[in-house]
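Position 229 of the sequence shown, counting from 1, maps to 237 under our numbering, and the rest follow consecutively. Note that CB positions come from ideal geometry on N, CA and C, so glycine has one too. Take a look at the structure set out below.
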Amino acid sequence: MNRILVALACTVFSITVSAEFENFITVDGARLKDGDADFRFIAFNVPTLNYVEDEMAFGQTNPYGLPTEFELRDLYQTVVDMGGQAVRAYTIPVRNRNFPPEAITYVEAPGEFNEEAFRAMDMALALAQEYGVRVIVPLVNNWQWMGGRPEYAAFRGKQKDDFWTDRQLIEDFKKTIEFVLNRTNTITGVKYRDDKTILAWETGNELQNPPEWALEIGEYIKSIDSKHLLIDGAQAVHDDGSIKRYALDSPHFDVINMHHYETSGTEMVQKLSQAVELSGRKKPVLMGEFGFVSTSGFEEVLDYVISEPAIPGALVWSLRRHHENGGWYHHSEPIGYGLYRAYHWPGFDDGEKYDERNVLKLIREKAFEIQGKTPPPITPPRPPEIIPFESAPVFSWRGSTGASGYNVERSESETGPWIKVAWDIDDIGTPGFPLFSDTSAQVGKAYFYRVIARNRGGESAPSGPFGPVEVQYLTRVDNARNVGVLQDSKGITVHTGEHRSYKEAFSRLHGDAGAELVYSAPGKLLEMRVYAYEKPAGEGSRPGSVNLSFADSRDALAWQQRSAEVERYPSNEENYDYLVPVFYRIKPGDGARYLRAGFTGTSEIVRVELDYRP
């Protein structure tokens with residue numbers, strides 16, 4: 009019997025159930041149909057649709073969690089604004105032995121399911137229905153990311169390849185299939201197997217299964233749910249690109265699935281057209297994943313997809329959304345050549361190396377074109393929402409879908425007059441840190457703040473004013489984008505790349521032993537906070553040692569050593585190569601105006617904050 013693990017406090021969602029889709033998506037030869045109309049789409053894979061693997065706040069030791077209603081609304085509004093009609097999730101997560109113990113997941117053990125997690129899935133499907141977006145749901149991962157077949161095997165002390173043949177493991181997976189398909193959505197009241205929002209089930213993600221396993225699982229899924237399409241999860245990312253003959257011949261599989269990560273659009277089109285020919289156009293050939301090519305490569309691929317009726321859709325890898333606490337979720341792609349990261353609409357300077365703005369503009373155009381539509385004009389974004397703060401004007405806001413930048417305004421009265429204190433700043437910065445610091449405020453005064461989002465379509469209405477906030481001190485921030493905030497330095501270089509190891513920080517101030525950096529503030533220094541990444545204890549450092557020392561000075565000539573409060577935030581997560589976040593807090597001596605950090609070993613600083621009073 010399946011057991012459901014119920015969280016002590018389940019989230020209450022404020023979602024109004026809207027009218028459901030009129031039809032299930034069906035197949036007619038090599039075409040997908042929505043009633044009598046062809047159903048074709050260009051959109052995105054959303055790996056974090058029902059699960060979060062990118063909680064990257066500096067002191068956060070557990071990167072896993074569940075999406076919020078705000079985050080999913082931001083996601084679906086993005087998809088709709090970009091012309092998307094469907095998205096693909098990234099499997100049903102399974103308890104992973106490399107997860108931190110406190111990490112929530114969906115499948116906790118064979119036949120044990122976490123109710124809080126599945127309520128997040130309920131919300132994801134309910135909101136997809138509200139926004140008119142269909143969802144493809146793979147049921148298991150071939151890989152360890154978010155947990156998959158290696159974890160089903162580990163539950164029973166077996167090897168990952170046993171998943172395909174061991175009867176116990178097959179029955180364990182069938183328990184998950186039975187639970188998921190028969191689940192009743194706690195928001196809509198509709199069983200998943202009856203939910204037209206689901207475009208298709210997929211046996212899994214990038215599976216390396218033998219035909220016998222797929223045929224048994226396919227038949228089992230269809231025995232529970234004959235209404236939804238079924239996609240074969242075995243595809244070509246690990247082999248020569250040939251179609252699986254069993255999937256083409258079996259009556260249980262409705263769609264052939266292909267993933268393409270060739271290095272050029274031309275090669276992708278060659279492989280994709282080969283798959284279409286091999287299919288004999290007996291079944292639709294879905295481009296379930298593709299990416300990591302140039303803008304011209306994207307255009308070549310999408311033009312071919314639009315021209316080939318046997319390809320119902322193409323899903324780009326991958327899209328990330330705004331974060332509930334301000335800024336964005338980020339994700340570096342392990343197979344992205346050290347260059348590509350997840351896309352953020354409408355594109356930002358951080359994605360300039362892979363032409364993010366133009367790629368997303370192109371995808372939007374093609375998403376409407378495949379539907380036979382002209383892209384509508386970009387509309388102004390909705391108002392952002394300031395996240396409450398106090399004491400110093402250092403704060404964030406919940407971002408607006410489609411906003412390319414924000415203006416920040418300040419007033420001594422809730423009703424104005426308002427003055428602009430920042431123009432067209434973005435919210436794409438290092439995850440988990442405040443987005444803005446107002447250093448033009450006057451200490452001792454009380455202010456209200458509001459934020460206005462902007463894009464090519466115009467400006468939003470202002471956020472609701474927040475305040476009054478009595479300014480007790482100001483904060484100078486160094487986001488480690490360049491050396492512009494430094495007063496002086498020795499041996500410091502700005503490093504980018506390898507973002508994942510640094511919790512997706514775009515850039516760092518790198519120093520080895522002997523390097524130095526110096527900061528000053530236009531007033532009395534109150535405190536300095538340094539956020540750095542260092543190797544785990546024992547890897548090139550003494551256990552418990554730190555790689556920065558500090559001194560302060562009144563005149564930058566005579567220096568006094570200062571001790572620092574130090575906190576480390578090592579994570580038990582072992583799927584990614586994280587360095588250890590190390591936080592330093594330094595209280596300077598009275599009258600000090602300069603603070604120096606000396607490197608006693610290698611350290612990479614992603615942010616420095618200096619509180620001061622003019």
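By the beta-carbon neighbour count (other beta carbons within 10 angstroms, threshold 16), Ser-258 is buried. Trp-431: member of the beta strand (DSSP E) spanning 427-433, first to last residue. Classified as buried, Gln-93 has 16 or more neighbouring CB atoms from the shown chains inside 10 Å of its CB. Leu-534 places its beta carbon less than 9 angstroms from that of Lys-595. Distances from the alpha-carbon of Pro-392 to those of Thr-192, Lys-204, Asp-233, Leu-443 put Leu-443 closest.
A direct Cα-Cα distance of roughly 46 angstroms separates Val-459 from Pro-317.
When secondary structure is reduced to three states using DSSP, Ile-343 falls in the coil class, being assigned neither helix nor strand. When secondary structure is reduced to three states using DSSP, Asp-619 falls in the strand class.
Annotated three-state conformation of Glu-542 is strand, per DSSP. Rounded to whole angstroms, Leu-494 and Tyr-200 show a C-alpha spacing of 56 angstroms.
Every alpha helix (DSSP H) of 4 residues or more that sits fully in the segment 192-271 is shown, in chain order, as 219-232, 253-257. Scanning its chain for C-beta atoms nearer than 7 angstroms, with the 5 sequence neighbours on each side dropped, one finds around Val-538 the residues Leu-556, Tyr-592, Ala-605, Ile-613, Val-616, in chain order. Nearest C-alpha to Arg-103 among Glu-159, Pro-71, Val-263, Tyr-620: Glu-159.
Between the alpha carbons of Val-145 and Tyr-98 lies a distance of about 7 angstroms.
Secondary structure at Glu-275: helix, using DSSP grouped into helix, strand and coil. Cα atoms of Ile-371 and Asp-89: separation of roughly 11 angstroms, rounded to the nearest angstrom. DSSP, reduced to helix, strand and coil, places His-518 within a strand of the structure shown. For Lys-41, the uninterrupted beta strand (DSSP E) segment begins and ends at 39-42.
Between Phe-49 and Gly-321, the C-beta gap is smaller than 9 angstroms, which places the two residues in contact.
In the structure shown, Thr-501 adopts extended strand secondary structure according to DSSP, grouped into three states. Using a Cβ distance threshold of 9 angstroms, Leu-482 and Pro-622 count as a contacting pair. Apart from the 5 residues on each side of it in sequence, Leu-286 sits with its Cβ closer than 7 angstroms to the Cβ of Ser-250, Ile-251 in its chain, given in chain order. Within the same chain, Cβ atoms closer than 8 angstroms to the Cβ of Ala-559 are found at Trp-567, Gln-568, Gln-569, Arg-570, Leu-603, Arg-604, Gly-606, the five residues on either side in sequence being excluded.
If you check the CB distance, Leu-133 and Ile-100 do not come in under 9 angstroms. Rounded to the nearest angstrom, the gap between the Cα atoms of Ile-500 and Ser-611 is 10 angstroms. Taking 9 angstroms as the cut-off, the beta carbon of Tyr-337 is found no closer than this to the beta carbon of Pro-401. In its chain, beyond the 5 residues on either side, Ile-50, Leu-310 have a beta carbon closer than 6 angstroms to the beta carbon of Lys-374. Put simply, the backbone Cα of Glu-224 is about 35 angstroms away from that of Ser-315.
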